[in-house]
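Chain order of the listed sequences is A and B.
The numbering used here numbers the first residue of the first sequence as 4 and each following residue consecutively.
The numbering used here numbers the first residue of the second sequence as 4 and each following residue consecutively.
Just so you know, even glycine gets a beta-carbon here, dropped at the ideal spot from N, CA and C.
Quick caveat: nothing in here was measured; it's all calculated off a predicted structure.
Protein chains: 2
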Amino acid sequence: MANLKQIAAELSLSVTTVSRALKDGPEVLPSTIARVKEAAKRLGYVPNHYGRALKTGRTLTLTAVLPMETRDYLSDLLKLPLIEGMTLAARQAGYSLSIYSTTPDDDPVESVQRQLQARSTDGLIITRMVSRDPRVKLLLDERMPFVAFGRTDLDTAYPYVDVDNEQIAYEATRRLMDKGSRRIALQLLVPEDQASAMRLAGYGRAMAEAGLPIDQSLIGHGMFTMESSAAWFDRLLASLDPPTGLACANELGLLGALHALGKRGLEPGRDVHIVTRDSTRLAHFLPAKIGVHFVDMAAVGRKLIEVLEGQIVNPATAVETVLLQGEFDPGE
Amino acid sequence: MANLKQIAAELSLSVTTVSRALKDGPEVLPSTIARVKEAAKRLGYVPNHYGRALKTGRTLTLTAVLPMETRDYLSDLLKLPLIEGMTLAARQAGYSLSIYSTTPDDDPVESVQRQLQARSTDGLIITRMVSRDPRVKLLLDERMPFVAFGRTDLDTAYPYVDVDNEQIAYEATRRLMDKGSRRIALQLLVPEDQASAMRLAGYGRAMAEAGLPIDQSLIGHGMFTMESSAAWFDRLLASLDPPTGLACANELGLLGALHALGKRGLEPGRDVHIVTRDSTRLAHFLPAKIGVHFVDMAAVGRKLIEVLEGQIVNPATAVETVLLQGEFDPGE
DNA sequence: CTTTGCAATCGTAACGTTACGATTGCAAAG
DNA sequence: CTTTGCAATCGTAACGTTACGATTGCAAAG
């Protein structure tokens, strides 16, 4: 493994000149730059991350803090395209991406503090934003570049990428009304989660516009797994005044609901109208008439890296925020 | 951010003694160790990864080289529990996990070479093993600790974790025969992939035992997406002598096949018997009678880290290999 | 012939850590 | 009183890199 010293010795130059030549320093004679680069290539020189990071403080590493649902069989499928988008974009931008997984037992603020103390990343990606998320102030105060997947209700501006959950839930509810549904059930994920709050707001807006009352018993929280979703929807179907429409939170929630319907011999599109969010194109392949809001999570991942890189390269720049729309397919 | 120097100044000790005290060096007076640790805690000392790595060569980072299917909508779902298992186990073992994503355009050997040159990881996890996989020799020669997810046909021993694909495919085929199927279709993923070769071998063994001929037209390669799987199975169903049994490669392949069946008004468990592999418990929730081999990919991820850590801590130790079984649920 | 200015290159120190050998100070042995 | 041995602590150098200021050498200006 060649280092700067070896290249310098090879060419009878100083380490300094070699270092500068490799980054096309204007003080170095062009012919010297060429000689250095040739020797570097010949000797298989690859810069040492750790020496560089120690000296400059830049680590060329980004870290995504991601919650993993260890308690359940499978967490939200959208994390896979999200990770794909992030890792590929990070690599393309010259960074490596480290994944810091957190369990439900971990305190989110503490996880961020740990990252700040370790000082081994150039920027953080945080997810699962909650109301008045304390991580935002912490990261801004410490001047650690970051980007959030999701928004929070704070006065301070901060960089984020988000999906327009309010609009998607609004549209979903409207579509279900168009099919004739009046009693519309709504699936939500983490209740404290900002995304759930936005979904609830969009649902509420559509219901209010139509002059329909909101029945709290039709709103399901914590639909993380197929099991919980199936059990919840089964309970609703068994009630005296069952729902005729359902807006699902994601693929797993959809599968759970379909399971509950199937058990009762009911059919989506006939007995209950369904609209779902989807990030895997899975809903298209189910043998059922379902409206689908496709949300491109790989694009979200790429955007997150793009915004984060902007923050790192130019921290003084205006805070960049991106809001992504869903793409609706009525499903026949 | 406190460093060793600041702790040393605080206590009027040398940096060396502080460094040793923090790792309970036997040369340091126990009372000094206590004082140092107290000061470290009080000043919020967190060791600097980069200084440490530069000096010792140990980076406390593991890298998983994972192929991402950028061309298609969604790659294999099993990667999500795999990533969950790996990241959580790595964190528990005191390592950070970096994900190096590769696209179908990347040369797998080159990806490994890049990791070797960068010297910024303590160990590598490689996947998608191919026949006579050249990466194994490369990594052994360079003495880079690694673990493979999957086996390859080489004389040299090397550390791996694998799922017993041969046995799972064998059992799947046998189960389908038990239901009365004679013409059994088999879904495979990457043809060059060792996992596909093993599945084919298990299928072949079951067919041979039953004295049944192998019809190459019933063997489908490259069933990565629901689309390709649906199109392939639809073609088979349209043929003169359609299959009466199907062994699916994974959840997506299953969904594609169900889609093809649904379009023709056929029913799984009645017209065609299906057994699938599953790593997400998704198959259990489909409204269809399907036999399911559950493969715990989170456990695979944890095992990979465990074996890799063993290689790093003691490279001289006997090569550790693990073979995980599937867990069958006949689905009624 | 000296001075100035500049292009090109060099040397040193430092980022934070640890390996290695050296030093200190004191009790026990002679 | 000196020597030996040892526990505890220290100092220096080095990992690979880059920032910063210094030096070299030469052409142009005076």
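Residue j beta carbon less than 7 Å from that of residue i
i	j	result
VAL322 of chain A	VAL164 of chain A	no
HIS276 of chain B	GLY256 of chain B	no
PRO70 of chain A	ARG131 of chain A	yes
ARG177 of chain A	ALA209 of chain A	yes
GLY223 of chain A	GLN190 of chain A	yes
GLU169 of chain A	GLY205 of chain A	yes
LEU83 of chain B	LEU142 of chain A	no
HIS296 of chain B	ILE171 of chain B	yes
PHE236 of chain A	ALA198 of chain A	no
VAL150 of chain A	LEU307 of chain A	yes
ALA11 of chain B	VAL18 of chain B	yes
PRO333 of chain B	GLY265 of chain A	no
LEU81 of chain A	MET300 of chain A	yes
SER99 of chain B	SER101 of chain A	yes
Whole-number beta carbon distance between residue j and residue i, since they are thought to touch under 8 Å
i	j	result
VAL166 of chain A	GLY313 of chain A	Between GLY313 of chain A and VAL166 of chain A the Cβ distance is about 19 Å, and since that is not below 8 Å, they are no contact.
ASN253 of chain A	ASP79 of chain A	6 Å
VAL68 of chain B	SER134 of chain B	Contact flag wrong, Cβ pair sits at about 18 Å.
LEU57 of chain B	TYR53 of chain A	4 Å
ALA96 of chain B	LEU179 of chain B	Contact doesn't hold; Cβ gap of about 41 Å is too wide.
GLY304 of chain A	ALA92 of chain A	6 Å
LEU127 of chain B	THR66 of chain B	5 Å
ASN51 of chain B	ARG122 of chain A	7 Å
GLY86 of chain B	ILE86 of chain A	Reading the sequence as shown, one finds Ile at residue 86 of chain B and not Gly. With 8 Å as the limit, ILE86 of chain B and ILE86 of chain A qualify as a contact, their Cβ atoms being about 7 Å apart.
Unbroken beta strand (DSSP E) run spanning residue i, endpoints
i	result
LEU189 of chain A	187–190
GLY294 of chain B	294–297
SER15 of chain A	Careful: SER15 of chain A lies outside any beta strand (DSSP E) and carries neither H nor E.
GLY248 of chain A	248–251
GLU30 of chain B	Taken as a continuous stretch (DSSP letters only), GLU30 of chain B belongs to no beta strand (DSSP E), as it is neither H nor E.
ILE315 of chain A	From DSSP, ILE315 of chain A is part of no beta strand (DSSP E) but of the alpha helix (DSSP H) over 300–316.
TYR153 of chain A	For the sequence presented, residue 153 of chain A should be read as Gly rather than Tyr. First-last for GLY153 of chain A: undefined, no H or E at that position.
TYR103 of chain B	99–105
Opening and closing residue of the alpha helix (DSSP H) in which residue i lies
i	result
VAL112 of chain B	111–121
GLY88 of chain A	82–95
TYR173 of chain B	168–181
TYR53 of chain B	52–59
ASP237 of chain A	229–241
THR35 of chain A	33–45
LEU143 of chain B	137–144
GLY198 of chain B	Residue identity differs from the one stated: residue 198 of chain B is Ala in this sequence, not Gly. Looking at the DSSP string, the run of the alpha helix (DSSP H) that includes ALA198 of chain B is 197–212.
Residue of the options minimising C-alpha distance to residue i
i	options	result
LEU14 of chain B	B:PRO29, B:ASP136, B:LEU46 and B:ASN317	B:LEU46
ASP196 of chain A	A:ALA234, A:TYR206, A:GLU113 and A:PHE152	A:PHE152
ARG94 of chain B	A:TYR103, A:MET89, A:GLN116 and A:GLU87	A:TYR103
GLY272 of chain B	B:SER220, B:SER184 and B:ASN317	B:SER184
LEU63 of chain B	B:ALA5, B:ASP125 and B:PRO107	B:ASP125
ALA213 of chain A	A:ILE315, A:LEU307, A:GLU174 and A:ARG202	A:GLU174
ILE293 of chain B	B:ARG267, B:SER123, B:PHE331 and B:THR320	B:PHE331
SER282 of chain A	A:LEU264, A:GLU270, A:ALA302 and A:ALA263	A:ALA302
GLN219 of chain A	A:PRO246, A:ALA234 and A:ALA241	A:PRO246
TYR48 of chain B	B:THR59, B:PRO290, B:GLU72 and B:GLN9	B:GLN9
PRO148 of chain B	B:THR320, B:ALA291, B:LEU326 and B:LYS44	B:THR320
THR106 of chain A	A:LEU119, A:LEU32, A:GLU72 and A:VAL298	A:GLU72
VAL316 of chain A	A:PRO194, A:ARG61 and A:LEU239	A:ARG61
VAL325 of chain A	A:LEU16, A:ALA160 and A:VAL112	A:ALA160
ASP136 of chain A	A:LEU119, A:VAL193 and A:VAL112	A:VAL112
PRO318 of chain B	B:PRO162, B:PRO216 and B:PRO194	B:PRO162
The ligand ADP heavy atom lying under 6 Å from the CB of residue i
i	result
ILE308 of chain A	The model depicted lacks the ligand ADP and carries no ligand whatsoever.
*Contact between the segment 12–26 of chain B and the segment 36–45 of chain B: three or more CB pairs below 8 Å?*
Because the criterion of three Cβ pairs below 8 Å is met, the segment 12–26 of chain B and the segment 36–45 of chain B touch.
*May I ask you to verify whether the segment 255–270 of chain B touches the segment 220–232 of chain B, counting CB pairs closer than 8 Å and requiring at least 3?*
Enough Cβ pairs lie closer than 8 Å, so yes.
*Pair every Cβ in the segment 147–162 of chain A with every Cβ in the segment 263–283 of chain A, then say whether three or more of these pairs are closer than 8 Å.*
Because the criterion of three Cβ pairs below 8 Å is not met, the segment 147–162 of chain A and the segment 263–283 of chain A do not touch.
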